[in-house]
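This report concerns only the one structure given below.
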Amino acid sequence: MGTTVDIGKLEALAGTDCLGMTDDGLVAAHVIDGIIDNEDCNGPGTYPTWTAAHAVELYADEAYLEREGYDAADIDWDGVRSAVAEALRVLQLPIGVVLVNGDDALIHSLGADLTAAQAEVEKIVGSALVWEEVSRREFDGNAVASAAGRYIAYIAPIGDWSAGDTWRVKKLAEGIEYWIDRDAVQEEPEFEPETVPDSTVVPESLSGTIDLIERNADDTVTAWFTEAGTARFGTEAVTLYFGCDSYAAEIKHNGIERFYEWAPGSPTNGAIGVAWAAGNPAAAAVEVAEWAARREAEENEAAAA
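Residue numbers for the sequence shown follow the working numbering, beginning at 13 and rising by one.
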């Protein structure tokens with residue numbers, strides 16, 4: 013079973029990270045995906061018209077179960093309805109700003125806008141902060157002298173998130189910004205960004221796959237695929253984000269938006285891996301595309317099981 017929406021986002025909506033691992037989860041994912049697709053086609057404003065029971069009855073009918081090879085008697089329908097109900101609740105939350113601390117990775121505050129979320133942090137720490145927006149590279153390269161030094165601002169649904177719901181907010185976010193308290197950080201990067209090669213050259217071995225390497229104003233790099241590369245990998249471009257000891261990528265693979273972050277040991281080690289990716293963005297982009305293809309194959313295999 014394939015879904016229009018990335019399975020990671022569907023899991024974040026439902027509040028579980030295992031939708032793609034069980035028949036119950038796959039049924040719930042299909043129903044939530046149907047609700048979102050209906051909103052895209054007929055909305056906005058359709059979410060309040062749904063109940064979990066009605067959505068499950070409509071999208072997980074006998075025809076669907078037979079087509080997918082599911083036995084209705086084996087499905088935990090209470091669990092499915094519960095997951096769908098939670099997704100409906102989150103889909104109707106207002107969009108605001110959620111501030112996640114850059115060091116403990118926990119949600120520290122939220123607000124209707126950035127100013128409100130920052131004010132909440134200042135209330136918690138008991139003093140005003142010198143807020144400054146920075147690039148991802150500078151954010152990762154700052155050593156923090158205080159627990160309130162670095163914050164990632166996610167434009168995302170705001171609700172009764174627990175501190176550990178960061179994984180859900182990240183997958184539901186519509187945008188991201190990096191902020192520091194300038195008075196609380198010391199610029200001592202683990203490696204100097206200028207030592208990373210500023211390579212925009214496509215190696216001859218990849219010239220049939222990668223057409224152009226484009227360095228962007230926000231310190232990111234976009235690798236554009238050739239027509240042959242797009243046909244082979246199912247993507248037109250990969251955008252890479254470089255941190256101090258990790259690098260991340262955004263890709264739209266066969267219509268599904270995916271995000272993945274390489275941290276120490278996965279697949280390369282720390283700053284060495286960052287330096288390699290920044291110096292070889294074409295090869296790094298191909299690795300991302302290959303990962304996306306593997307991820308899709310794993311999801312399809314799980315759905316067919």
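By construction, the Cβ of each residue, glycine as well, lies at the ideal position given by its N, Cα and C atoms.
Looking at the backbone, the Cα of ASP230 and that of ASP172 are separated by about 32 Å. Between ALA67 and VAL96, the beta carbon gap of about 6 Å places them in contact (Cβ cut-off 8 Å). When only Cα atoms are considered, LEU22 and VAL102 end up about 11 Å apart. In the three-state reduction of the DSSP assignment, ALA97 falls in the helix class, which pools H, G and I. For the pair GLU98 and THR28, the Cα-to-Cα distance works out to about 10 Å.
Our two residues, GLU239 and ILE44, have alpha carbons roughly 34 Å apart in a direct line. Close CB contacts of ALA24 within its chain, under the 6 Å cut and outside five residues either way in sequence, are with ARG180, LYS183, LEU184 (chain order). Less than 8 Å separates the beta-carbon of TYR272 from that of ALA260. In the DSSP assignment, ALA301 falls within the alpha helix (DSSP H) that extends over 293 to 316. At least 8 Å separates the beta-carbon of GLU262 from that of THR247.
In the three-state scheme derived from DSSP, where H, G and I count as helix and E and B as strand, SER217 is classed as helix. Comparing alpha-carbon positions, the option among THR221, ARG227, TRP62, PRO56 lying closest to THR242 turns out to be THR221. Per DSSP, the unbroken alpha helix (DSSP H) holding ALA240 starts and ends at 239 to 245.
Nearest C-alpha to GLU150 among THR232, ALA131, VAL137, GLY267: THR232.
Nearest C-alpha to TRP303 among GLY291, ASN292, TRP274, VAL286: TRP274. In this structure, ALA294 lies near VAL214, with their beta-carbon atoms less than 8 Å apart.
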